[in-house]
DNA sequence: ATTATATATATCAAACTGATATATATGCAT
DNA sequence: ATGCATATATATCAGTTTGATATATATAAT
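Protein chains in written order, with my numbering: chain A, 1 to 182; chain B, 183 to 364.
Structure representation (structure tokens):
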């Protein structure tokens with residue numbers, strides 16, 4: 001999927017600055033996708049030149065100007081067109097361009113070359129890390145307004161539920177099978 | 183994890199050509215990691231110059247020479263050192279440099295901008311695709327010798343089991359919750 | 001007879017990341 | 001109070017990586 005479509009899609013959820021788009025990739029979307037500043041800022045400039053987004057500079061006393069981007073009607077139309085094109089090509093190919101690079105799995109693959117204690121510590125750390133993630137996805141308590149609005153999106157609650165289910169399965173499997181690695 | 187460590191690790195499972203390393207990333211490892219030819223071939227050359235791997239040219243009549251690389255003692259030592267260093271740094275950081283870029287999840291995130299029938303077709307295709315993968319990981323019947331040897335690796339059977347469990351959970355979730363998206 | 005796919009290596013433009021630079025504010029420990 | 005780390009905010013770029021393409025042949029399918 002093109003970076004333009006992705007930025008437009010995120011801006012369709014509400015106006016945001018480049019910094020705030022990056023924060024989504026570090027927070028709620030961190031398990032599904034990411035883009036770096038080096039991609040986000042140039043893309044936003046390009047979208048602005050093409051009038052797919054508008055930009056309001058919030059001059060802040062003694063902080064850099066905050067540039068808040070809002071998707072335009074032209075941008076909404078373009079995004080939907082791109083999305084449809086992507087979906088159609090996925091249907092034809094039967095794959096989704098999904099890419100996983102998990103260093104944890106590589107480490108497991110080469111587990112026999114690690115000292116037993118090191119492998120043990122790594123597995124403990126991983127279980128702790130996954131448990132934290134699980135709690136994060138399960139958590140349904142009070143959150144700031146903008147995040148609350150996101151949670152009410154059907155698609156986000158679908159994805160959060162799937163992530164929680166997958167993490168739960170992963171954790172249970174690790175606990176039941178980890179001794180098979182040593 | 184460095185590309186050198188990854189190639190050495192794969193060669194520690196047995197001698198292989200660059201083409202065959204790539205095949206592992208398209209087959210048994212496709213859900214966990216990938217490297218392109220543009221990375222694999224130069225890495226192999228670099229490892230050969232450093233005597234971390236040795237190379238035998240199998241001259242084939244009217245096909246390009248097949249260069250089969252074998253990991254050396256020096257290479258084994260280097261790989262284990264790198265692996266230990268990586269594991270230690272993962273323990274300190276508490277994360278694993280895992281990276282997921284799932285275009286399917288992005289498409290779901292923006293599902294409300296897709297025509298109902300398109301979303302439906304995409305979800306059907308995805309379920310079919312995941313079911314195929316699931317069967318692949320579950321399959322325990324006869325396979326060629328080199329793949330059979332791989333399957334007997336503890337780490338690979340651990341990973342295959344985890345992959346099957348995760349796919350099963352994902353499929354069940356999709357079937358139970360997909361109507362919530364429309 | 002032609003097209004598509006598989007084997008096999010190599011290269012490179014284009015894209016992307018990770019790091020760094022710049023500038024300020026805030027909180028926390030010493 | 002002074003130093004240190006972290007957070008806000010944008011911008012740039014060297015270095016790495018990918019995805020596509022080139023080359024050459026064999027085989028299977030249409």
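All residues carry an ideal CB built from backbone N, CA and C; glycine is no exception.
- Considering only A:29, A:77, A:71 and A:13, the residue with the shortest C-alpha distance to residue 287 of chain B is A:29.
- Distances from the CA of residue 319 of chain B to each of B:310, B:347, B:299 and B:304 were compared; the closest alpha carbon is that of B:347.
- Cβ-Cβ distances below 7 angstroms link residue 278 of chain B to 272 in the same chain, with the five nearest sequence neighbours on each side left out; the list follows chain order.
- Assignment of beta-bridge partners to residue 235 of chain B by DSSP yields B:253.
- When C-beta distances to chain B are compared with 8 angstroms, the residues of the region 114-129 of chain A below that value are 114, 115, 118, 119, 121, 122, 125, 126, 128 and 129, in chain order.
- Look at residue 99 of chain A here: in three-state DSSP terms it is strand.
- With contacts defined by Cβ atoms closer than 8 angstroms, residue 289 of chain B and residue 86 of chain A form a contacting pair.
- For residue 183 of chain B, no alpha helix (DSSP H) encloses it, and the DSSP letter there is neither H nor E.
- Here residue 117 of chain A is exposed: its Cβ has fewer than 16 other Cβ atoms, across all protein chains shown, within 10 Å.
- Neighbours of residue 11 of chain A in chain B, taken as residues whose beta carbon is under 7 angstroms from its own, are absent, since the nearest beta carbon is some 11 angstroms off.
- Judged by their CB atoms, residue 35 of chain A and residue 73 of chain A are not nearer to each other than the 8 angstroms cut-off.
- Look at the beta carbons and you see the region 123-131 of chain A not touching the region 150-165 of chain A: under three pairs across the two are nearer than 8 angstroms.
- A residue is called buried once 16 or more other Cβ atoms fall within 10 Å of its Cβ, and residue 102 of chain A is buried on that count.
- Contact note: residue 161 of chain A reaches chain B through 355, 359 and 362, using a C-beta cutoff of 9 angstroms and chain order.
- When C-alpha distances from residue 220 of chain B are compared across B:231, B:209 and B:203, the shortest belongs to B:203.
- When only Cα atoms are considered, residue 15 of chain A and residue 170 of chain A end up about 36 angstroms apart.
- Under a criterion of Cβ atoms nearer than 7 angstroms, the residues of chain B adjacent to residue 80 of chain A are, in order, 295.
- Residues of chain B whose Cβ lies closer than 8 angstroms to the Cβ of residue 110 of chain A are, in chain order, 191, 194, 261, 265 and 337.
- When the beta-carbon positions are compared, residue 11 of chain A and residue 53 of chain A come within less than 8 angstroms of each other.
- At a cut-off of 4 residues, the continuous stretches assigned as alpha helix (DSSP H) that sit fully inside the region 322-359 of chain B are 327-333 and 336-359.
- In this structure residue 253 of chain B is buried. Its beta-carbon is surrounded by 16 or more other beta-carbon atoms within 10 angstroms.
- In summary, residue 57 of chain A is exposed, with fewer than 16 beta-carbon neighbours lying within 10 Å of its beta-carbon over all protein chains present.
- CA-to-CA, the gap between residue 24 of chain A and residue 78 of chain A works out to about 22 angstroms.
- Taking the Cβ atoms as the reference, residue 100 of chain A lies roughly 5 angstroms from residue 282 of chain B, within the contact range of under 8 angstroms.
- Non-local beta-carbon contacts of residue 67 of chain A in its own chain, meaning distances under 6 angstroms to residues more than five positions away in sequence, involve 17, 55 and 57 in chain order.
- Bridge partners of residue 16 of chain A according to DSSP: A:69.
- Note on geometry: alpha-carbon atoms of residue 125 of chain A and residue 241 of chain B lie some 48 angstroms from one another.
- For residue 123 of chain A, the enclosing alpha helix (DSSP H) stretches over residues 116-138.
- Listed by position along chain B, the residues whose Cβ is nearer than 8 angstroms to that of residue 95 of chain A are 311.
- At least one CB of chain B lies nearer than 8 angstroms to the CB of residue 87 of chain A.
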